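Comments concern the structure below.
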Amino acid sequence: IFREKQLLAKILWCSSDLFWVCASAPCARGSCDSIPVYCAKAECSQEVGGLLCGGTMSAPTSSAVRALALEYKSLQEEPVEGFRVKLLNEDNLFEWEVAIFGPPDTLYQGGYFKAHMKFPPDYPYSPPSIRFLTKVWHPNVYENGDLCISILHPPVDDPQSGELPCERWNPTQNVRTILLSVISLLNEPNTFSPANVDASVMYRRWRDSQGKDNEYPNIIRRQALAAKAEAEKEGIVVPLTLEDYCIKPKFKPTNPEPQLDMTDFYDDDYDLEDTEDDEQQSGESDYADGDDSGNGES
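Structure below.
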C-alpha cells in the first residue's frame, strides 16, 4: 500500500506480470467506502479489488502513480546503459536516486555521479527535477547541484531563454529520455545559458584552445576519480570500457514475485512536499559547503 496525506493507492502484481494501481475519483470528505483498483496497463480497465480510503486522491496524482510505477518497472527490466535507478525510499514513488556512470573515452570516464530525481504530483504533465549529490563541475549544474537542462523546463514560450518550445518538457518524455539527455549534456554543455558561469568560461577556454588549457579537464578528472573511489567503497564496479558500459542486463524473475514489493508501500507520514532541509539532513550530498570545482582554485 502506498499512502500520503492526500493519496492512497494499492499496487498488486498479477500472474501475467502486470501490476495494478488505484485509480479512484476523489473522496468527498474524510473517508469513503472503497476505491476501485485497476490494471496499470493503459489499454486495460479491469477492476481487481477494493480498498478503504482515509483521505482524498486527486486524478493527477493517480495518473502520476501509474506512470511512475510503469516506468520504474520498465527500467528495472530494461536498464538504460550507464545508469542505475532506485527508489530513494521504498515507500515513495516520487523520489528516485539515480547513479550515472561516466562514459568511456570522455572526461567523465570512471566517474560515478549520484543524483536525486523528484517528480511532481501531476507527472508526466509537469517535468521532474534533478539535483546532483556528487560534486559536478559543469556549465549546466548550479552550485547546489541542481541540473539546468531544457528537457526539464516547463513548456512555456519564453523567447529570452533561447530555447525552442520543442526543446522543453512535454508529456511524451519519460525517465529514459531524460537520462539519455543528461549523458549528452555532460559531454556537450550548453554554454549559451549556463548555470555555472565560471565552469562555462573555463570549458570554452579549454575548447577554444583545442585542449592546451587543461584547467577544465583536470577538475573533471579529479572529481571522477574521487567519485570512483566512493563507488568502490560501496562495492560498485564502475565500467571503464565501452563494452562494459554498454552491458544492459535484463531482469529475469525466477518466480512470479516482483523485484519490488509494492504492497509494502504504506507510510502515514509520507509527504510529497519535502523541504530542502530534509534533503540536507540526509548526509549524502557533497554540496553543503565549498566551491563547485572541489579543488579550491576557481
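Numbered according to mature numbering (1 follows the signal peptide of the UniProt record, and there is no 0), the sequence shown spans residues -23 to -1, 1 to 275. Built from N, CA and C at the ideal position, the CB exists for glycine as well. Since the model is a prediction, treat every value here as computed from it, not as a measurement.
- The beta carbon of tyrosine 193 lies closer than 6 Å to those of Met179, Tyr180 and Trp183 in the same chain, with the five residues before and after it left out.
- Contiguous alpha helix (DSSP H) elements confined to the segment 93 to 175 occur at 152 to 164, taking only those with 4 or more residues.
- Under the 8 Å Cβ criterion, the segment 163 to 173 does not count as touching the segment 47 to 58, having fewer than three qualifying pairs.
- Residues of the same chain with a CB within less than 8 Å of the CB of proline 131, apart from the 5 flanking positions on each side, are Ser103, Pro104, Arg145 and Trp146 in chain order.
- In the structure shown, the three-state DSSP call for isoleucine 77 is strand.
- Close CB contacts of aspartate 82 within its chain, under the 8 Å cut and outside five residues either way in sequence, are with Leu219 (chain order).
- For leucine 64, the enclosing beta strand (DSSP E) has its first and last residue at 60 to 64.
- Where leucine 219 is concerned, the enclosing alpha helix (DSSP H) starts and stops at 219 to 222.
- As DSSP reads the structure, lysine 91 sits in a beta bridge with Ala76.
- Within 10 angstroms of the beta-carbon of isoleucine 126 lie 16 or more other beta-carbons, which makes it buried.
- Residues of the same chain with a CB within less than 7 Å of the CB of leucine 162, apart from the 5 flanking positions on each side, are Asn117 and Ile126 in chain order.
- Between tyrosine 89 and phenylalanine 78 a beta carbon distance of about 6 Å is seen, short of the 8 Å cut, so the two are scored as contacting.
- A residue is called buried once 16 or more other Cβ atoms fall within 10 Å of its Cβ, and leucine 129 is buried on that count.
- The C-alpha of valine 152 is placed about 9 Å away from the C-alpha of methionine 94.
- For the set His115, Gln53 and Cys223, the Cα lying nearest the Cα of valine 174 is the one of His115.
- Excluding its 5 nearest sequence neighbours in each direction, arginine 61 has C-beta neighbours in its own chain below 7 Å: Ala76, listed in chain order.
- Taking a C-beta distance under 7 Å as the contact criterion, leucine 65 and glutamate 74 qualify as a contact pair.
- Annotation for asparagine 195: the continuous alpha helix (DSSP H) segment containing it runs 192 to 210.
- Alanine 206 counts as exposed, since fewer than 16 other beta carbons sit within 10 angstroms of its beta carbon.
- Closest in alpha carbon position to lysine 112, among Lys210, Ile196, Ile213 and Leu217, is Ile196.
- Rounded to whole angstroms, asparagine 69 and leucine 124 show a C-alpha spacing of 22 Å.
- Rounded to the nearest whole angstrom, the C-alpha separation of glutamine 150 and glutamate 72 is 17 Å.
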